[in-house]
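Notes follow the structure.
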Amino acid sequence: MILNEKVIIVTGGSGLIGSEIVKDIKLEGGIAINFDYIDGYDITNVDSIQQFIKDKNITTVDGIVNNAYPRTKHWGNDIENEIEGVFDENVKLQLGGLHTFTKQFLPYLKQSKGSVVNIASIYGMVGNDFSMYESTSISSPAGYCAIKGATINLTRYMASYYGKQNINFNCVSPGGILDNQDKMFIQNYNDKCPMGRMGNPDDIAPTVSFLLSNKAKYITGQNIAVDGGWTSI
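For this note's numbering, add 27 to where a residue sits in the sequence shown, where the first one is 1.
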């Protein structure tokens, strides 16, 4: 029970990875509070975040997990088919939202000497392997790599800035997560991945819980790839 009664806010806690993070926090004895757009909350809006704090009667926070993945219509097109403005809008939503949300909880984290875990991606670490998308109907937007790479380096900045106040900032970068993708994409991915399969949400959540716990109290500014070995080759 490494998170015994720690209060953890998880953005996007109703989603594929987020719901498993919430579940694992609870299994480790923590108190997971879900901040999700389906409940009317918005990570990009200060008033919405403050309303959430009021609604949930939050007085202490030991950690936050920036997992939410807000995106606009037309998100997903590759760079040559990108709709004008989509790149900028999603940088504001995803990276800007993470920044805005984190800032609202810094007073609580200073008091608790808490932890922040940002969910990034292997494609914030390395370039895309576009052979994965051959003979499939899907691609990957340029903005995704840009945002996830920026998330990793923003995490380093925050770790450096708040280290003396004993707030830990770390990233978890998942590899591809199985989610009913195109069968050819899944096969292509499995053929390349050293462990021979795409990840599952329950592969990601335990690392998040560890980084939120006191067992990781001297780990900050790090990015941990949970990717079946993808970034090792």
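Beta carbons are placed, not taken as given, at the ideal position from N, Cα and C, and that holds for glycine.
query                                                                                                                                                                        : result
Applying the criterion that 16 or more other CB atoms from any shown protein chain within 10 Å of the CB defines a buried residue, is F237 buried or exposed?                : buried
Which residues bound the alpha helix (DSSP H) around T127?                                                                                                                   : G124 to S139
Starting from C198 and walking both ways along the beta strand (DSSP E), at which residues does that stretch end?                                                            : N195 to P201
Once the 5 residues before and after N207 are set aside, which same chain residues still bring their CB inside 8 Å of it?                                                    : none
With contact counted as at least three CB pairs below 8 Å, one residue from each stretch, are the segment 219 to 227 and the segment 169 to 176 in contact?                  : no
Would you mind giving the Cβ-Cβ distance between L120 and P97, rounded to the nearest angstrom? I have them listed as a contact below 8 Å.                                   : 4 Å
Compute the Euclidean distance between the alpha carbons of D115 and E107, then round it to the nearest angstrom.                                                            : 15 Å
Can you check whether the CB of V34 is closer than 8 Å to the CB of I48?                                                                                                     : no
Count the other C-beta atoms from every protein chain shown that fall within 10 angstroms of the C-beta of I194, then say buried if there are 16 or more, exposed otherwise. : buried
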